[in-house]
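2 protein chains.
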Amino acid sequence: MIFQVDFKAGKPVYLQLADQIRYAAASGKLRPGEPLPSLRPLAEELRLNRNTIAKAYAELEVQGIIETIPGKGFFLKQKKSPFTEPVRQRLLLTEIDEAVVMAHHLQVGREKFLALVKERLDYFEKKSNAVKDGE
Amino acid sequence: MIFQVDFKAGKPVYLQLADQIRYAAASGKLRPGEPLPSLRPLAEELRLNRNTIAKAYAELEVQGIIETIPGKGFFLKQKKSPFTEPVRQRLLLTEIDEAVVMAHHLQVGREKFLALVKERLDYFEKKSNAVKDGE
DNA sequence: TCAACTGTCCTAGTGTTGCATAACAGTAAA
DNA sequence: TTTACTGTTATGCAACACTAGGACAGTTGA
């Protein structure tokens, strides 16, 4: 599990880290129940303050992606989504709308957009299965 | 063209405004070539400073959605996308990936996700056509 | 119990962002 | 050229965000 952060990237370091963990979870590189690196070692490895790592983890925790057991560490959640169905729908639609609006302004048509979406779904699905099969 | 901003929304006012314009353009409420409200009147109407409006417009300009003609005003671009094809593809894929990853963490399956995407594509398309037909 | 690990909280320095006021500059029509 | 629009740029300042260091507290196993 190698993460990379870039101070000059414009985006806050703790968000870069949170994104990478989110993506790793979605593509199966991180499995449910698996422990995440603990604060101090990871902080040392990435040359960050432990609180910066903690902030990234806190971000993921409110999103229901990881959970923390005090004294033990952080773990990828087994049962996800602490949100109710309407809230989940709203969250996802907001994200989808942003992509749809972006497609409009980039003059990407409906069919090409749908093709891209399917391609990315496949991409994450495939990666996830590859990990599951022990590759 | 009525915009609404909320100081307590957590999101910066200028971004709220930019979003609304982006959405209005994507759903056809704003047509290519159409002028946007000029800074001072809109600022007065929304009880904001002119520079806050200007910042929203500047945001949209770098995204290639509107253009400014000095001394004349702001206009919705006719020819959009000042970006090259690879850049456009990267921008859009980033947005799509965010939605796909979000769907994964919200435990929304492939078919349901695709259905939602199509629904939103239809929604914007329909609105756009309704405006075009003079409704 | 003690040591070594885990995360948490409090506090602070630094830089950035968001919003504002004011003076400036281009355009158009009378 | 004058007037009344248009957007632009410079500056200030309060609030917030980001990162960090030190002290604290729960957990585990020797």
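Those sequence lines, one after another, are chains Z and P.
The opening position of the first sequence corresponds to residue 93 in the numbering used here, with each subsequent residue numbered one higher.
The opening position of the second sequence corresponds to residue 93 in the numbering used here, with each subsequent residue numbered one higher.
Glycine included, each C-beta is placed from N, C-alpha and C at the ideal position.
Sub-7 Å separation of residue i and residue j beta-carbons
i         : j         : result
Gln199(Z) : Ser130(P) : no
Ile188(Z) : Leu208(P) : yes
Arg142(P) : Arg132(P) : yes
Gly120(Z) : Lys219(Z) : yes
Pro124(P) : Gln96(P)  : no
Arg202(P) : Leu213(Z) : yes
Cutoff 6 Å; reference residue i; Cβ partners in own chain excluding five residues on either side
i         : result
Glu126(P) : Leu168
Phe205(Z) : Ala195
Leu122(Z) : Ala116, Leu168
Phe175(P) : none
Interface residues of chain P facing residue i [CB-CB closer than 8 Å]
i         : result
Arg202(Z) : Leu213, Glu217
Gln155(Z) : His197
Cβ-based neighbour list, residue i, same chain, cut-off 7 Å, excluding 5 preceding and 5 following
i         : result
Met93(P)  : Pro129
Ala117(P) : Ile157, Leu168
Ala110(Z) : Ala148, Glu151, Leu152
His216(Z) : Rather than His, the amino acid found at residue 216(Z) in this sequence is Phe. Ala118, Ser119.
Pro104(Z) : none
Within chain Z, partners of residue i - CB distance below 7 Å
i         : result
Lys147(P) : Per Cβ cutoff of 7 Å: no residues; Lys147(P) is ~18 Å from chain Z at best.
Ile188(P) : Ala191, Leu208, Val209, Arg212
Neighbour-count burial assignment, residue i, 16 or more Cβ in a 10 Å radius
i         : result
Ile113(P) : buried
Val192(Z) : buried
Ile158(P) : buried
Phe99(Z)  : exposed
Ala195(Z) : buried
Arg180(Z) : buried
Residue i: contacting residues in chain Z (beta-carbon distance under 8 Å)
i         : result
Lys172(P) : His197, Leu198, Gln199
Leu168(P) : Simply none; closest approach about 10 Å.
Met194(P) : Leu183, Leu184, Glu187
Other residues of its chain near residue i: CB distance less than 8 Å, five sequence neighbours each side excluded
i         : result
Tyr106(Z) : Thr144, Ile145, Lys147, Ala148, Glu151
Ala101(P) : Gln108
Ile161(P) : Phe167
Ala222(P) : Gly120
Ala135(P) : Asn141, Arg142, Thr144, Ile145
Residues that residue i contacts on chain Z, provided the C-beta gap is smaller than 9 Å
i         : result
Arg228(P) : The requested residue 228(P) does not occur in the structure, where chain P is confined to residues 93 to 227.
Partner residues on chain P for residue i, Cβ-Cβ distance less than 9 Å
i         : result
Val205(Z) : Per the sequence shown, residue 205(Z) should be read as Phe rather than Val. Result: Leu184, Ile188, Val209, Leu213.
Short of 7 Å Cβ to Cβ, which residues in the stretch 124-147 of chain Z face chain P? none
Closer than 9 Å, Cβ to Cβ, to anything on chain P: give me those residues from the stretch 100-127 of chain Z, in chain order. Asp111, Arg114, Tyr115, Ala117, Ala118, Ser119
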